[in-house]
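As structure tokens, the structure follows; a few thoughts come after it.
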Amino acid sequence: MNKYSSPVRVAIAGATGYAGQELLSLLVRHPEVHLVAAMSSSPDSATRSMPRLARTWEGKIEPLSRAKLATDASFVFLAVPEAAAADLAPALLDAGVKVIDVSGAFRVRDAALRAKWYPATTILPEHVAYGLVEHNRDAITNASLVACPGCYPTAALLALLPLVQGGLVDVSRGVIIDAKSGISGAGRTASDRTHFSENHGSMSAYGVLGHRHVAEMEQELGTEVTFVPHLVPLDRGILETIYVRTTPGTTAAAIGECLGRAYQHAPFVRLTGDALPEIKHVAWTNFCDIGWKFDADSQRLVLISCLDNLVKGAAGQAVQNLNVICGFDERAGLR
Ligand SMILES: NC(=O)c1ccc[n+]([C@@H]2O[C@H](COP(=O)([O-])OP(=O)(O)OC[C@H]3O[C@@H](n4cnc5c(N)ncnc54)[C@H](OP(=O)(O)O)[C@@H]3O)[C@@H](O)[C@H]2O)c1
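Residue numbers (our numbering): 945 to 1279.
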């Protein structure tokens, strides 16, 4: 049943960034949404058009207005750097606005870990839900602020959570996640590491044993995660190869049944089994595809999990959360 009357009034802060542009593109087509504002970073920014949406959206990107966000919208999507999200969200919550945040500012519950990785978030507001819809639906429904999972954690957790919770993973051995990401994962501003001539024709590891997404993965999984992300010369998409030791006696059938049960009603998780997923199959979609190979003799399981970092890893997942909170069809605006 719809908890909000349609159309719901929504606004975006950070609509000029990669995640924000994707949100804008989804929300202007969403059948249950009225977009009241799409804003850039500063009250002094010039008004901008969005050529990609010409003839789809007649609006303009406006300068940032905290007052307008707090008064004109029932939901505000934050697609801004985490320090800006930590700064913007509390006043919106005080004004009774629901916040759907794609930055990492509110994902980590442990205060010490949050201080290490997200130091701008000094206080975690009440009624924050971790926005992994497939595993946290009830909390999301009642949340004031949804902290959408990071792009890498979304792919990892969708593959691993059912198996860990089902007792099929030997958590004493930890898990190893080798991840490849397209460059848009780093946002719109080019750096020495991400600009074209550095990345084209190359591949590099970064954040080894020091990536902030590990805190979130370990928080949700309750096991040690060795995570090595790589930048690959693609514009979008993430592919993770996940190495797991299963608990003694685990069978191939048990793995398939566990994942099948977890996602039988999940419209955006596609289990591909032996047919291993590829970035091309999920790019520009809200799907996460998960395949796997299992060797029963050695109890080794290798999972491949694949999604579009800007859709299921950011904007699409954020819209999916809106749909769940409002009681809309979970697929609204995302088909
Ligand atoms: N890229 C991904 O794949 C991805 C995936 C999941 C989550 N995220 C998260 O989503 C957020 C946005 O990422 P992105 O990749 O879209 O970054 P981006 O391309 O660099 O865009 C950043 C956006 O934030 C705005 N902004 C910058 N500083 C601001 C401030 N102090 N106050 C208000 N707005 C400000 C920018 O506006 P101007 O154009 O005016 O500068 C721009 O709209 C980040 O927190 C990121 O961690 C990104």
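Even for Gly, the Cβ is constructed at its ideal location relative to N, Cα and C.
It should be emphasised that the depicted structure is a prediction, and the values quoted were computed from it without experimental measurement.
Take residue i and list the residues in its own chain whose beta-carbon comes closer than 8 Å to its own, dropping the five residues that flank it on each side.
{"i": "residue 993", "result": "1004, 1005"}
{"i": "residue 1007", "result": "983, 984, 986, 987, 988, 989, 990, 991"}
{"i": "residue 1128", "result": "962, 1179, 1180, 1253, 1254"}
{"i": "residue 1148", "result": "1137, 1174, 1175"}
Once you ignore the five residues that flank residue i on each side, which residues in its own chain have a CB closer than 7 Å to its CB?
{"i": "residue 1185", "result": "1122, 1246, 1248"}
{"i": "residue 1080", "result": "1073, 1074"}
{"i": "residue 1131", "result": "961, 962"}
{"i": "residue 1255", "result": "966, 1228, 1229, 1230"}
Can you find the residues in the same chain that come closer than 6 Å, C-beta to C-beta, to residue i, ignoring five residues on each side of it along the sequence?
{"i": "residue 1051", "result": "1091, 1160"}
{"i": "residue 1046", "result": "963, 1023, 1092, 1258, 1262"}
{"i": "residue 1209", "result": "none"}
{"i": "residue 1152", "result": "1172"}
{"i": "residue 1012", "result": "981"}
{"i": "residue 1203", "result": "1106, 1215"}
Name the DSSP beta bridge partners of residue i, please?
{"i": "residue 1187", "result": "1120, 1246"}
{"i": "residue 1236", "result": "1247"}
{"i": "residue 1019", "result": "954, 1042"}
{"i": "residue 977", "result": "952"}
{"i": "residue 969", "result": "DSSP output for residue 969 lists no bridge partner at all."}
{"i": "residue 1269", "result": "Residue 1269 pairs with nothing; no bridge assigned."}
{"i": "residue 982", "result": "956"}
{"i": "residue 1006", "result": "983"}
{"i": "residue 992", "result": "1005"}
{"i": "residue 1113", "result": "1190"}
What are the boundary residues of the alpha helix (DSSP H) that residue i is part of?
{"i": "residue 997", "result": "Taken as a continuous stretch (DSSP letters only), residue 997 belongs to no alpha helix (DSSP H), as it is neither H nor E."}
{"i": "residue 1216", "result": "First-last for residue 1216: 1213 to 1217, but that is the beta strand (DSSP E), not the alpha helix (DSSP H)."}
{"i": "residue 1225", "result": "1223 to 1226"}
{"i": "residue 1101", "result": "1095 to 1109"}
{"i": "residue 1200", "result": "1196 to 1206"}
Output the boundary residues of the beta strand (DSSP E) element that contains residue i.
{"i": "residue 952", "result": "952 to 957"}
{"i": "residue 1045", "result": "1042 to 1045"}
My assumption, with CB atoms under 8 Å, is that residue i sits in contact with residue j. Please give the rounded CB distance.
{"i": "residue 1065", "j": "residue 1030", "result": "4 Å"}
{"i": "residue 953", "j": "residue 1016", "result": "7 Å"}
{"i": "residue 1228", "j": "residue 1252", "result": "6 Å"}
{"i": "residue 973", "j": "residue 1277", "result": "6 Å"}
{"i": "residue 1165", "j": "residue 1104", "result": "6 Å"}
{"i": "residue 1175", "j": "residue 1138", "result": "7 Å"}
{"i": "residue 1077", "j": "residue 1265", "result": "6 Å"}
{"i": "residue 1188", "j": "residue 1119", "result": "5 Å"}
{"i": "residue 957", "j": "residue 1032", "result": "6 Å"}
{"i": "residue 1043", "j": "residue 1089", "result": "4 Å"}
{"i": "residue 1156", "j": "residue 1061", "result": "4 Å"}
> Taking the runs of the alpha helix (DSSP H) that are 4 residues or longer, which of them lie wholly in the stretch 1052 to 1090?
Replying inline: Counting only runs of 4 or more, we get 1055 to 1061, 1077 to 1085.
>> Runs of 3 residues minimum, wholly inside the stretch 1129 to 1183: which ones carry the beta strand (DSSP E) assignment?
In response: Secondary structure remark: continuous beta strand (DSSP E) runs of at least 3 residues inside the stretch 1129 to 1183, in chain order: 1169 to 1175.
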